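Q: Residue numbers (our numbering), protein chains in the order written: chain C, 506 to 892; chain A, 10 to 441.
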């Protein structure tokens, strides 16, 4: 009796053991159930690369040690490309510019898109304005705005209210603006425009207001503390930065929210229990879809008029950005009156202006690869299309 | 069938049409009693079709093949709303997700986001520099980069502002605009670690700056830990060179992470001990929560899903009561691999398990499927995905309760399609 029992127990044990093995083996065969462990810096899982297998992929396990193509960059090459700027000022170039100089440059090169004084209103990003008042916890109050009902105010995300670092402004303007011909400003000009935009955002440096003759340089720029400098989390600075990020995303349920897998008679866990959930429909149907919605399986309509000229293509890529609308102060292609006024000067003069630049019009529209002859045929196309 | 008839067919019930023609033609043609189950003869079967009686075009007429002209409506779409001031140089175009099959998006339909227009890089002049806190900095030409051993991965790319317009309520009338700021492709390139092993990363290196060569010099900071795990430098997309819109000739690929971090037209990688605070990781791509503070360095795209059939542009108007029909959709997670998807017909009160089908890969689109008996009753159709990192897709209200409605980025609340008793499908939200 006793013996038999024991035997049974042993059989039972082996059975239990083999079934866990079976589960483990199954886990490896079920597509999408790959061995993984939590702990990726983004809060996700990490998959091992082992014995030539990485999830569903195989990879070459032979040594890649010693694989080396390419060459060592020269000191000048690194200098030419390593121009990025860190918040502590590393990488900021020599140079200076005043608020007043910045004002002029901004009016001439930026206001067409970003509005007078950086105030926006033209559909492009607004660069200045917005209330910077803070609450008792040092948080910019208006950033707590939530548009839960129609008509409520949006949080305003400008340099003054939202940006954490002023060095970002310097490097972004230098690298990416003005939009149609980036990297065309000198370092002095970038300091001047940066000074102007900081002044428009009521920034003080060392307790000093930035009036018209305030001159900005690299030493002063690193001293700028923007209103929302502490408005971001997790803390990425210092040697613990990456660990902070990992800890933050490891606790996703608390920090960014997570769903629950309920299957029957579920109550929306996001509801407060007082208000009823409603089915909210689209209030306004977006109309200007390009190309318009269409689903027919038919032949496309015949294209009229044949091929597009070289001049028109060049116009599209180099000039249309400003000349396609009348919001930028450029004579709009298609506007007969505007072009008649331009052409009163005579074609020769107009061509010189287009080649050398005039007012908000950069030389050759910012595309110096175009030859003078190209410009001539493009202008002829523009005039022709505006009769 | 001419075009007019074809259009009528797509608008009316296809089956009704055949039934009507059946009775009319049966009576007209023969006058003999025909059982009502017999349908009219389809002229496309009875008569020779045009393409069967003519010589087709030469085999290599199009050395680079294009889709059938009949598919000309399956295209990326955009709108002034997806841009700055209607300026299409800083804009987004959306993939027609409901009209695609499987998990690979054809290259010409891959969604596109640009900050300073689409750069057109001359591959012979393109260079990549890797420097900073490495023992041996390097500069590579494209040919040299391609000499390194490569790997291929099927990965989704998603703009973190996918659905950004939907935080305050439903906005868009099609799946293309609701979730089309994403695509999935097979990417080929060099695992960055393979190159770094030879360069010798210094132990102080904590962050990597990735910088583009386009007019906006788009740049972002990534933690080295991710770089050494699965980041790639890719030059091919579904077997051919990257398209200009995807960063030709080379872009960074950080699997599962914001497409914006996968810097296009890549030019430079610098290793450092501090983060850079580029414009696209401060002013933009930070998620402002209701507390007034914003989440920065928000990397992985959320666990997410959308039903693509039915969808507003792929409705059920031709179904009849009793039809057994497949509900199909896409699920994806930047945190890992999709484990499953549930479907609700009553706006989230009760759920059934869908099945996954096809390849199930980490950080890639995953197809799900459910066979449903159509009853012609109104439905509130939802899908909810979960992954192997423990993430479950939240409801609109759950997400709102934690982060508010001004986040812009990383939205993954469930999408609800209202299906009417006529089989029309529209985008709605269930929220307090």
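Virtual Cβ for every residue (Gly too), placed ideally from N, Cα, C.
These figures come from a predicted structure and were not determined experimentally.
Does the distance from the CB of residue 164 of chain A to the CB of residue 264 of chain A come in under 8 Å?
A: Contact: yes.
Q: Is there at least one Cβ from chain A nearer than 8 Å to residue 727 of chain C's Cβ?
A: It does not; no Cβ of chain A falls within 8 Å.
Q: Once the 5 residues before and after residue 625 of chain C are set aside, which same chain residues still bring their CB inside 6 Å of it?
A: Excluding residues within five positions, the ones whose Cβ falls inside 6 Å are 631.
Q: Return the chain-ordered ranges of every alpha helix (DSSP H) run that is complete within the stretch 283 to 338 of chain A and spans a minimum of 4 residues.
A: Taking only runs of at least 4 residues, no alpha helix (DSSP H) segment lies wholly in the stretch 283 to 338 of chain A.
Q: Using the three-state DSSP reduction, which class does residue 216 of chain A fall into: helix, strand or coil?
A: Of the three classes helix, strand and coil, the one that applies to residue 216 of chain A here is strand, per DSSP.
Q: Tell me the start and end of each unbroken beta strand (DSSP E) in the stretch 178 to 233 of chain A that is at least 3 residues and wholly inside, in chain order.
A: Runs found: 191 to 200, 216 to 221, 228 to 232.
Q: Output the boundary residues of the beta strand (DSSP E) element that contains residue 678 of chain C.
A: Looking at the DSSP string, residue 678 of chain C is not in any beta strand (DSSP E); the run it does join, the alpha helix (DSSP H), is 671 to 681.
Q: Less than 8 Å separating the beta-carbons of residue 283 of chain A and residue 546 of chain C?
A: The answer is no: Cβ separation not under 8 Å.
Q: Can you give me the C-alpha to C-alpha distance between residue 93 of chain A and residue 558 of chain C, rounded to a whole angstrom?
A: One C-alpha to the other measures close to 45 Å.
Q: Please report the distance separating the alpha-carbon of residue 288 of chain A from that of residue 840 of chain C.
A: Roughly 37 Å between the two C-alpha positions.
Q: Checking 8 Å against the spacing of the C-beta atoms, do residue 856 of chain C and residue 819 of chain C come in under that value?
A: Cβ atoms of residue 856 of chain C and residue 819 of chain C: not closer than 8 Å.
Q: Return the CA-CA distance between residue 49 of chain A and residue 886 of chain C, expressed in angstroms with no decimal places.
A: Approximately 57 Å, taken between the alpha carbons.
Q: Take residue 775 of chain C and list the residues in its own chain whose beta-carbon comes closer than 6 Å to its own, dropping the five residues that flank it on each side.
A: Correct list: empty, nothing qualifies.
Q: Take residue 652 of chain C and list the residues in its own chain whose beta-carbon comes closer than 7 Å to its own, dropping the five residues that flank it on each side.
A: These residues qualify, in order along the chain: 659.
Q: By DSSP, does residue 614 of chain C sit in helix, in strand, or in coil?
A: Here residue 614 of chain C sits in helix by DSSP.
Q: Any C-beta of chain C sitting closer than 8 Å to the C-beta of residue 260 of chain A?
A: False, the Cβ-Cβ gap to chain C never drops below 8 Å.
Q: Does the stretch 342 to 361 of chain A come close enough to the stretch 768 to 786 of chain C that 3 or more CB-CB pairs lie under 8 Å?
A: Because the criterion of three Cβ pairs below 8 Å is met, the stretch 768 to 786 of chain C and the stretch 342 to 361 of chain A touch.
Q: State the start and end residues of the unbroken alpha helix (DSSP H) segment that holds residue 826 of chain C.
A: It spans 825 to 828 - the alpha helix (DSSP H) in which residue 826 of chain C sits, taken as one unbroken run.
Q: Is residue 421 of chain A helix, strand or coil when you go by DSSP?
A: Three-state result, residue 421 of chain A: coil.
Q: I want to see whether chain C comes within less than 8 Å of residue 410 of chain A, judged by CB atoms only; does it?
A: True, the Cβ-Cβ gap to chain C drops below 8 Å.
Q: Determine whether the Cβ of residue 313 of chain A lies closer than 8 Å to any Cβ atom of chain C.
A: False, the Cβ-Cβ gap to chain C never drops below 8 Å.
Q: Buried or exposed, going by whether 16 or more other CB atoms sit within 10 Å of the CB of residue 507 of chain C?
A: Unreliable placement is indicated for residue 507 of chain C, whose pLDDT of 41 sits below 50; the coordinate value is still reported in the next sentence. It is exposed - the Cβ of residue 507 of chain C has fewer than 16 other Cβ atoms within 10 Å.
Q: Name, please, each residue of chain A whose Cβ falls closer than 7 Å to the Cβ of residue 799 of chain C.
A: Those are 82, listed as they occur along chain A.
Q: Whole-angstrom Cβ separation of residue 193 of chain A and residue 101 of chain A, contact assumed at under 8 Å?
A: Not a contact, Cβ separation roughly 17 Å.
Q: Give the single residue among A:387, A:172, A:259, A:312 whose Cα lies nearest to the Cα of residue 196 of chain A.
A: Answer by Cα proximity: A:259.
Q: Give the straight-line distance between the Cα atoms of residue 738 of chain C and residue 671 of chain C, rounded to the nearest whole angstrom.
A: Their backbone Cα atoms lie some 18 Å apart in a straight line.
Q: Count the other CB atoms, across all protein chains shown, that sit within 10 Å of the CB of residue 409 of chain A; report buried if there are 16 or more and exposed otherwise.
A: It counts as buried.
Q: Between the stretch 578 to 592 of chain C and chain A, which residues of the former have a C-beta closer than 7 Å to a C-beta of the latter?
A: Of all residues in the stretch 578 to 592 of chain C, 578, 582, 583, 586, 587, 589, 591, 592 have a Cβ within less than 7 Å of some Cβ in chain A.
Q: Which first and last residues belong to the beta strand (DSSP E) in which residue 375 of chain A is found?
A: Note, residue 375 of chain A: beta strand (DSSP E), 375 to 382.
Q: Counting only beta-carbon separations shorter than 8 Å, does residue 531 of chain C have a partner in chain A?
A: The predicted position of residue 531 of chain C is uncertain, since its pLDDT is 44 and thus under 50; no value can be drawn from it.
Q: Residue 377 of chain A versus chain C: which residues are under 7 Å apart at the beta carbon?
A: Going along chain C, no residue has its Cβ under 7 Å from residue 377 of chain A, so there is no contact; the nearest lies around 11 Å.
Q: Below 7 Å on C-beta distance, what does residue 804 of chain C contact in chain A?
A: The answer, in chain order, is 78, 79.
Q: Reducing DSSP to helix, strand and coil, say where residue 365 of chain A ends up.
A: Strand, per DSSP.
Q: So with Cβ pairs under 8 Å, would you call residue 575 of chain C a contact of chain A?
A: Chain A, which has a Cβ nearer than 8 Å to the Cβ of residue 575 of chain C, makes this yes.
Q: Verify the CB distance criterion: does residue 528 of chain C have a CB-CB separation below 8 Å to chain A?
A: At residue 528 of chain C the pLDDT is 44, less than 50, meaning the model places this residue with poor confidence; the figure from the coordinates comes in the next sentence. Judged by the 8 Å Cβ criterion, residue 528 of chain C is not in contact with chain A.
Q: When the cut-off is 8 Å and only beta carbons count, does residue 738 of chain C lie next to chain A?
A: Yes, contact with chain A.
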